[in-house]
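> In my numbering, the protein residues as written are 138 to 350.
Glycine included, each C-beta is placed from N, C-alpha and C at the ideal position.
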Amino acid sequence: MSHDRLISELSSHLTPVRRRNMAREAAWLVGLGALQLAVFLGSGLMRPDMGDAAGHPFMWWKLGGLALLVATSVLTAVRSFSPVASPRRGLVFLVIAAGLMAMLGAIVSPGGVVAPTLAGRLAPVHGLICAASIAVLALPMLGMLAYLMRKGASVHAESSALAVGMAGGSWGAFVFAFCCPVNDPLYILAWYSLGCAAVVLPARFILPKYAAL
Numbered sequence: 138m139s140h141d142r143l144i145s146e147l148s149s150h151l152t153p154v155r156r157r158n159m160a161r162e163a164a165w166l167v168g169l170g171a172l173q174l175a176v177f178l179g180s181g182l183m184r185p186d187m188g189d190a191a192g193h194p195f196m197w198w199k200l201g202g203l204a205l206l207v208a209t210s211v212l213t214a215v216r217s218f219s220p221v222a223s224p225r226r227g228l229v230f231l232v233i234a235a236g237l238m239a240m241l242g243a244i245v246s247p248g249g250v251v252a253p254t255l256a257g258r259l260a261p262v263h264g265l266i267c268a269a270s271i272a273v274l275a276l277p278m279l280g281m282l283a284y285l286m287r288k289g290a291s292v293h294a295e296s297s298a299l300a301v302g303m304a305g306g307s308w309g310a311f312v313f314a315f316c317c318p319v320n321d322p323l324y325i326l327a328w329y330s331l332g333c334a335a336v337v338l339p340a341r342f343i344l345p346k347y348a349a350l
């Protein structure tokens, strides 16, 4: 059998790959995020003093920093699903943004009284509940991005998985921030980081195998 005939027979069973539409994928993600946030806030879970807290620099730091992490990680993840794109630059920017948020957290005023001891400031029991809540709230966005990753053709599956995990974790933290009553930056940095890590680490090891199926 000639090479041309062999190639022809093999290619006859292939179906055309549908061209990605990043605008449509972005619309899906925005729609999902808006729906989840609306349901969450519509359930009466917003902190009761949100009107007063929204005017404090602490809340600008928390919501603004998380929004930056969400936007950067989602953009990095979606771009990385293309075989010609590398997520490296986006991941580097994510690390820089997270570091900047941590540095600002060290100087921002909590806008209230904080516990005098380290254990009191961290409040481990409540902190673990916060971290678990963030991981749960991350699941819808994580699932949508995992679906898009599988539909795509990333050649950097591990890095894409990191970006997806960070997008899901930071989104879960952003949603949870609207109900979290704690104003202590140390508490936020510690337990929100743990909640994000609980999403990023499984995503890093599971999603590359899922995308290859």
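Tell me which same chain residues have a C-beta within less than 7 Å of the C-beta of R341, skipping the five on either side of it?
As a position in the sequence shown, residue 341 is number 204, starting the count at 1. Within the same chain, R341 has close Cβ partners E295, A298, L299 and G302.
> From what residue to what residue does the alpha helix (DSSP H) around V211 run?
Your numbering for residue 211 matches position 74 in the sequence shown. Looking at the DSSP string, the run of the alpha helix (DSSP H) that includes V211 is P194 to S217.
> Apart from the five residues just before and just after P318, which ones in its own chain have a Cβ nearer than 7 Å to its Cβ?
Residue 318 sits at position 181 when you count from the first residue of the sequence shown. Excluding sequence neighbours, P318 sits near R184.
> Under the assumption that A310 contacts L203 (Cβ atoms under 8 Å), give the Cβ distance between them as a whole number of angstroms.
For the purposes of this step, residue 310 is taken as the residue at position 173 of the sequence shown. For the purposes of this step, residue 203 is taken as the residue at position 66 of the sequence shown. Between L203 and A310 the Cβ distance is about 5 Å, and since that is below 8 Å, they are a contact.
> Between the region 234-242 and the region 197-212, are three or more C-beta pairs nearer than 8 Å?
yes
> Going along the chain, which residues of its own chain have a beta-carbon closer than 7 Å to the beta-carbon of W308, five neighbours each way excluded?
By one-based count along the sequence shown, residue 308 stands at place 171. Answer for W308: G170, V207, A275 and M278, listed in chain order.
> Tell me whether R184 sits in a helix, a strand or coil according to DSSP, three-state version.
For this step, residue 184 is matched to residue 47 along the sequence shown. It is coil, neither helix nor strand.
> C333 lies in the alpha helix (DSSP H); which residues open and close that run?
Looking up residue 333 in the sequence shown gives position 196. C333 -> alpha helix (DSSP H) spans P322 to A348.
> For A214, which residues of its own chain have a beta-carbon under 6 Å away from its beta-carbon, when the five flanking residues on both sides are left out?
Along the sequence shown, read from residue 1 onward, the residue named residue 214 stands at position 77. So the list reads L282, A300, V301 and A304, once near-sequence residues are dropped.
> Starting from A163 and walking both ways along the alpha helix (DSSP H), at which residues does that stretch end?
Sequence index remark: in the sequence shown, residue 163 carries index 26 (1-based). M159 to G179 is the span of the alpha helix (DSSP H), which, as asked, contains A163.
> Classify A260 as helix, strand or coil using the three-state DSSP reduction.
If you number the sequence shown from 1, residue 260 lands on position 123. Here A260 sits in coil by DSSP.
> Between the Cα of A268 and those of A160, A335 and G179, spot the shortest distance and give me the residue it belongs to.
Numbered from 1 along the sequence shown, position 131 holds the residue referred to as residue 268. With distances taken between Cα atoms, A268 lies closest to A335.
> Go ahead and label N320 buried or exposed: buried means 16 or more other beta carbons lie within 10 angstroms of its beta carbon, across all protein chains shown.
Taking the sequence shown and counting its residues from 1, the one referred to as residue 320 is at position 183. Buried is the call here.
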